[in-house]
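A.B. asks: Let me begin by handing over the structure; questions about it come next.
There are 2 protein chains.
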Amino acid sequence: MTIKKIDLNTSILANNEIWAQKNRELFDTHGIFTVNMMSSPGSGKTTIIEKSLEYFIPHFKMGIIVGDIETTEDANRLKGRGVPVVQINTHGACHLDARMISGALNSFNLEELDLLIVENVGNLVCPADFSFGEDLKVAVLSTPEGNDKVRKYPDMFRKSHAVIINKIDLIDFVDFNLDRVERDLKNLGSRAEIFPMAASKGQGVEAWCQWLMSKVRKAN
Amino acid sequence: MTIKKIDLNTSILANNEIWAQKNRELFDTHGIFTVNMMSSPGSGKTTIIEKSLEYFIPHFKMGIIVGDIETTEDANRLKGRGVPVVQINTHGACHLDARMISGALNSFNLEELDLLIVENVGNLVCPADFSFGEDLKVAVLSTPEGNDKVRKYPDMFRKSHAVIINKIDLIDFVDFNLDRVERDLKNLGSRAEIFPMAASKGQGVEAWCQWLMSKVRKAN
């Protein structure tokens, strides 16, 4: 049974890689920079994207894809800002895969896109396994989740190019030690940029946006 | 591809059901009441179990199984309390399944167990699909995660017999409305008992423990 499961997983991941490659070619052809935002449920991905829009909109033609098991709540929060938003409902699936993203890309005018941000399903495990052809993976960790999460979910954090430590304004009320998280990231071999943030209050958003904008510009 | 994936999932779930049934028979034979605790990463499952032990230990012979992707941190926190603790490391798998629980049961003297609490992998999606033969499913939702989680992860909450609203002491600092969560649960058809709690401060722990103890006693 174990061997059988590994075979199935390998086949699913290989299939994902084929679709990711197709997406990658589309992104390259159209000069689209792509970001995969991942985290636990409720760590603040949607709020971070909301607050980042004001920095990005003057500089880039943006698109957003939002993944959720059910509901369109996150997409609704992001609409009406002049940025096209596409919601993917996975109906039970615990992550977005490259084929889902490929389908969602049909809803955009790719000529009109410089920067595509994908908000993944809230889950610290499964999304780490499924790239969709993105340039950057970004993990969000909020302080109330506790500072053991890098150690307990190493795959997600090892693969991420940036780690946003959100809800930093709650740090005095919860058991969270930023030094410990930085040390755990180093122990994983991570060279991720770390951005402390209180997105709901706009704190720390600019530093993250400046960093991301420099990455987009370097890629073009 | 879609149809193929559904077949694989069906087969995996059917296989899980066979192992769950085997576990169920063992639990019945030995008179063991079992609880499956599920939540996002960092919502406080381990702390809730820690704080509950003092209520349970005088009344029941307990065992604990802890599921994590990596590390034995949660198990270490729970050890030294006179209760046997078994850690399952899933090495990437996003949930505990019935076969993993079956394996872990070999580490217990089943004659010496009345109440087995299983702390699942931190994940609001996948664990909802995989019963291990348990009597009760309990979902933990912490206030910093936000009050949209019942709507966004309906399967987990629909299936749970109790919902612990943890970190209620942070409610003034975060965007969380308990009435909204109760309404969302009702809209799902849930009849779950709801327990507001601040586990790290011991608040609300007794009500939950009394409820669970009454369930264990009724089952015997």
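Sequences listed follow chains A and B, in order.
Once you know that position 206 of the first sequence is 202 in my numbering, the rest is easy, because the numbers rise by one and skip nothing.
Once you know that position 47 of the second sequence is 43 in my numbering, the rest is easy, because the numbers rise by one and skip nothing.
Virtual Cβ for every residue (Gly too), placed ideally from N, Cα, C.
Is there contact between the region 90 to 101 of chain B and the region 110 to 121 of chain B, where contact requires at least three CB pairs shorter than 8 Å?
C.D. replies: Touching, per the Cβ criterion.
A.B. asks: Of all the alpha helix (DSSP H) runs that stay within the bounds of the region 45 to 117 of chain B, which reach a length of 4 or more residues?
C.D. replies: If we require 4 residues or more, the alpha helix (DSSP H) runs fully inside the region 45 to 117 of chain B come out as 69 to 74, 94 to 101.
A.B. asks: Cβ atoms of A/Gly200 and A/Met193: under 8 Å apart, would you say?
C.D. replies: Your numbering for residue 193 of chain A matches position 197 in the first sequence. Your numbering for residue 200 of chain A matches position 204 in the first sequence. Yes, they are a contact pair.
A.B. asks: Please determine whether the Cβ atom of B/Ala100 lies at a distance below 7 Å from any heavy atom of the ligand NAP.
C.D. replies: Absence of the ligand NAP is noted for the structure shown, with no ligands found whatsoever.
A.B. asks: Short of 7 Å in beta carbon distance, which residues of its chain neighbour B/Arg73, apart from the five on each side in sequence? Order them along the chain.
C.D. replies: In the second sequence, the residue the question calls residue 73 of chain B occupies position 77. Hits under 7 Å: Thr42, Glu46.
A.B. asks: Taking Cβ positions, are B/Val212 and B/Leu106 nearer each other than 8 Å?
C.D. replies: Within the second sequence, numbered from 1, the residue matching residue 212 of chain B stands at position 216. Within the second sequence, numbered from 1, the residue matching residue 106 of chain B stands at position 110. Contact flag unset, no.
A.B. asks: Measuring CA to CA, which of B/Asn216, B/Ile8, B/Ala195 is closest to B/Arg95?
C.D. replies: Residue numbering aside, residue 95 of chain B sits at position 99 when the second sequence is read from its first letter. The shortest Cα separation from B/Arg95 among B/Asn216, B/Ile8, B/Ala195 belongs to B/Ile8.
A.B. asks: Buried or exposed: B/Pro123, going by 16 or more other Cβ atoms within 10 Å of its Cβ?
C.D. replies: The sequence position of residue 123 of chain B within the second sequence is 127, counting from 1. So B/Pro123 counts as buried.
A.B. asks: Indicate the three-state DSSP secondary structure (helix, strand or coil) for A/Met160 in the structure shown.
C.D. replies: As a first step, residue 160 of chain A must be located in the first sequence, where it is residue number 164. A small fix is needed here, since residue 160 of chain A is Ile in this sequence, not Met. Strand, per DSSP.
A.B. asks: As a quick exercise: from B/Phe104, B/Ile97, B/Asp180, pick the residue whose alpha carbon is nearest that of B/Met58.
C.D. replies: Position 62 of the second sequence holds residue 58 of chain B. Taking only the C-alpha atoms, the option nearest B/Met58 is B/Phe104.
A.B. asks: Give me the Cα-Cα distance between B/Gln17 and A/Asp151, rounded to the nearest whole angstrom.
C.D. replies: In the second sequence, the residue the question calls residue 17 of chain B occupies position 21. In the first sequence, the residue the question calls residue 151 of chain A occupies position 155. Going by the C-alpha atoms only, they are around 32 Å apart.
A.B. asks: Could you work out which residues of chain A lie near B/Thr67, taking near to mean beta carbons separated by less than 9 Å?
C.D. replies: Numbered from its first residue, the second sequence carries residue 67 of chain B at position 71. Going along chain A in sequence order, the residues near B/Thr67 (Cβ under 9 Å) are Asp144, Arg147, Lys148, Pro150.
A.B. asks: Leaving out five residues on either side along the sequence, give the residues of the same chain with a beta carbon under 8 Å from the beta carbon of B/Arg20.
C.D. replies: As a first step, residue 20 of chain B must be located in the second sequence, where it is residue number 24. Gly129, listed in sequence order.
A.B. asks: What does B/Thr30 pair with, by DSSP beta-bridge criteria?
C.D. replies: Along the second sequence, read from residue 1 onward, the residue named residue 30 of chain B stands at position 34. Paired residues: B/Leu112.
A.B. asks: Return the residue from the list A/Asn216, A/Ala158, A/Phe172 that minimises the CA-CA distance to A/Asn32.
C.D. replies: Against the first sequence, residue 32 of chain A aligns to sequence position 36. Selected option, being the one with the closest Cα: A/Ala158.
A.B. asks: Using a beta-carbon distance below 8 Å, is A/Asp180 in contact with chain B?
C.D. replies: Counting from one through the first sequence, the residue named residue 180 of chain A turns up at place 184. No, A/Asp180 lies away from the interface with chain B (no Cβ there is under 8 Å from its Cβ).
A.B. asks: Just to confirm the assignment, what range does the alpha helix (DSSP H) spanning B/Lys155 have?
C.D. replies: In the second sequence, residue 155 of chain B corresponds to position 159, counting from 1. Note, B/Lys155: alpha helix (DSSP H), 150 to 155.
A.B. asks: Residues bridged to A/Ala135 by DSSP?
C.D. replies: Taking the first sequence and counting its residues from 1, the one referred to as residue 135 of chain A is at position 139. Looking at the DSSP assignment, A/Ala135 forms a beta bridge with A/Met34, A/Val159.
A.B. asks: Excluding sequence positions up to five away, which residues of its chain have a Cβ less than 7 Å from the Cβ of A/Cys205?
C.D. replies: By one-based count along the first sequence, residue 205 of chain A stands at place 209. Ser48, Tyr51, Phe52, listed in sequence order.
A.B. asks: In terms of residues, what are the limits of the beta strand (DSSP E) holding B/Glu189?
C.D. replies: Residue numbering aside, residue 189 of chain B sits at position 193 when the second sequence is read from its first letter. 189 to 192 is the span of the beta strand (DSSP E), which, as asked, contains B/Glu189.
A.B. asks: Does the Cβ-Cβ distance between A/Thr139 and A/Phe172 come in under 8 Å?
C.D. replies: By 1-based counting over the first sequence, the position of residue 139 of chain A is 143. By 1-based counting over the first sequence, the position of residue 172 of chain A is 176. Contact flag set, yes.
A.B. asks: Relative to the C-alpha of A/Val134, which residue among A/Thr30, A/Ile14, A/Val170, A/Asn11 is closest?
C.D. replies: Residue mapping note: residue 134 of chain A aligns to position 138 of the first sequence, counting from 1. The shortest C-alpha separation from A/Val134 is found at A/Thr30.
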